[in-house]
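Below: the structure, in structure tokens.
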Amino acid sequence: MECSFKLGTCVADFKQHLSVLPYLTADYSLRQVPKMGGCDSKSSKGSTAKPKAKPSKVKKKNLNPADYVFSKQTDAVLIRKEGSIDGEQFNLEECKNCDIFLLDTIATSFVDDCHNCRVFIGPVETSVFIRNCTNCSFVIACQQYRCRDCQDCKLSLYCGTEPIIESSQNMQFACFDFNYFSLRGQMARAGLKPWNNKWWMVYDFNKNEDKPNWGLLNQDEASSLLRLEACAAVVTPEELENERVVPITLGSRPWPTKETCFVVFLPDSETLVEAFLSKATAKWAICRARSMVLQEEQLKTFFAWAKEPKLASKCKGQEMTGIQVCGQDVQQQVQDALTLTGMATGTKNIRIIPEKETEALAKSFFETWKDEV
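Per this note's numbering: the sequence shown ends with 403, consecutive numbering throughout.
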């Protein structure tokens, strides 16, 4: 089952998708990887905010490339703990029937010719490129995901941009579902906002209407893709049971009810976003969430319903977050949550889209308006 909306097939859109991974090459040497949000190309469709400037990374001396690759391993448990990769590139190649856990921040990662493996990768500051892999299960948190010439793979994915598949068959996707104590801090260091997950917006370069190349993996299965006993020495059961860092979103799955509420958080409201998601996880189904910078004309359209003349200008050039939840009587319940709980102190930075405007504006915000690349 593929997503119901269309991503467009015009040449401009095709070039836009090609441009998101300009640095994916066959070069396996350790190298400086471009930071996300630093591309110069512009899109008239929308944008995501550039991550805040990070402190300059101290150049390391005498890195041994052999320490940053797992190669030609069979029937092995392979683990890299926090601090062992430390934001460098890490690659996997020609592994068979292995359990692999890369539990650290990574710059970028290539996975080639792996078969029947179970792999955790992340958080990755830029891209993960998977090639020529079969019958593998992946749990990945990254800014960009792309695969080519893969078959029969299952993914539990966090991806800050639209995932891309090429010349691949029987790929199954679900929302990211994994946890350990340092994950939240690692995602922050990698510039990944946990709620800005486009796992379900898969773009297939070789789309096949008669026999789709990808579909949705049952979300209940996503939590069992890894053999957790293989990493029990470094990830405890208590860590796995902690509150999720990345919220589970429905994306293009069927929603339990058509009754939804679209909540918008104005710039610099990350604490409120996290508080709302914590409540939403316990009370409603989270349909989808996204952070982006709207262009001036988009802002005018988005806030046309609001009787606040300065609202669009207040948000110009700054990132907003939208969250759509669903459930019985959800509109009233969200109103109560925002006015009768501790979140009431932040209501000046929160707007609820009017119910009659929700369908059209949610479609624009979550599907039509594309990210700047």
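For every residue, glycine included, the Cβ atom is placed at its ideal position computed from N, Cα and C. Treat the numbers as computed from the prediction; the structure is a model and nothing was measured.
query, result
"Go to residue 378, then tell me how far its alpha helix (DSSP H) extends in each direction, as first and last residue.", "First-last for residue 378: undefined, no H or E at that position."
"Whole angstroms is fine: what's the gap from residue 332's alpha carbon to residue 303's?", "19 Å"
"Pick out the complete alpha helix (DSSP H) segments inside the region 209-270, 4 residues or longer, and give them in chain order.", "213-219, 249-252"
"Going by DSSP in three states, residue 347 sits in which element: helix, strand or coil?", "coil"
"Which of helix, strand or coil does DSSP assign to residue 95?", "helix"
"In angstroms with no decimal places, state the Cα-to-Cα distance between residue 385 and residue 232.", "28 Å"
"Determine whether the beta carbon atoms of residue 139 and residue 154 lie at a separation below 7 Å.", "yes"
"Is residue 402 helix, strand or coil by DSSP?", "coil"
"Measuring only the C-alpha atoms, how far is residue 249 from residue 274?", "14 Å"
"Between the region 126-135 and the region 251-268, do three or more beta carbon pairs fall short of 8 Å?", "yes"
"Taking the beta strand (DSSP E) that residue 296 belongs to, which residues open and close that run?", "From DSSP, residue 296 is part of no beta strand (DSSP E); its letter is neither H nor E."
"Considering Cα atoms alone, identify which of 120, 133, 328 is closest to residue 158.", "120"
"Residues in its own chain within less than 7 Å of residue 392 by CB, not counting five upstream and five downstream?", "292, 354"
"Where do the N-terminal and C-terminal ends of the alpha helix (DSSP H) with residue 360 fall, by residue?", "360-369"
"Taking only three categories from DSSP, how would you classify residue 204?", "strand"
"Does the structure place the region 261-275 close enough to the region 210-217 that three or more beta carbon pairs sit under 8 Å?", "yes"
"So, with DSSP's three-state summary, where would you put residue 106?", "coil"
"Kindly list the residues whose CB is nearer than 8 Å to the CB of residue 99, restricted to its own chain and excluding five residues on each side of it in sequence; keep chain order.", "58, 120, 121, 122, 123"
"Hey, quick one: how far does the beta strand (DSSP E) through residue 131 stretch, first residue to last?", "129-136"
"Output yes or no for whether 7 Å exceeds the beta carbon distance between residue 216 and residue 135.", "yes"
"Assign residue 289 to one of three DSSP states: helix, strand, or coil.", "coil"
"Grouping DSSP H, G and I as helix and E and B as strand, with all else coil, what is residue 328?", "helix"
"Buried or exposed: where does residue 222 fall if 16 or more other Cβ atoms within 10 Å of its Cβ makes it buried?", "buried"
"Does the distance from the C-beta atom of residue 147 to that of residue 166 stay below 7 Å?", "yes"
"When you compare each of 125, 228, 330 to residue 283 by their alpha carbons, which one comes out closest?", "228"
"Roughly how many angstroms separate the alpha carbons of residue 294 and residue 104, rounded to a whole number?", "48 Å"
"Rounded to a whole number of angstroms, what is the C-alpha to C-alpha distance between residue 125 and residue 197?", "21 Å"
"Taking the alpha-carbon positions, what's the residue 243 to residue 172 distance?", "22 Å"
"Are the beta-carbon atoms belonging to residue 285 and residue 317 less than 7 Å from one another?", "yes"
"From the DSSP secondary-structure annotation, give me the bridge partner or partners of residue 100.", "122"
"Should residue 118 be labelled buried (16 or more other beta-carbon atoms within 10 Å of its own) or exposed?", "buried"
"Quick one, are the C-beta atoms of residue 162 and residue 179 less than 7 Å apart?", "yes"
"If the criterion is Cβ atoms closer than 7 Å, does the pair residue 297 and residue 328 meet it?", "no"
"What is the DSSP secondary structure of residue 352, reduced to helix, strand or coil?", "strand"
"Name the DSSP bridge partner or partners of residue 158?", "139, 175"
"Could you work out which residue in 341, 170, 185, 305 is closest to residue 156 when comparing CA atoms only?", "170"
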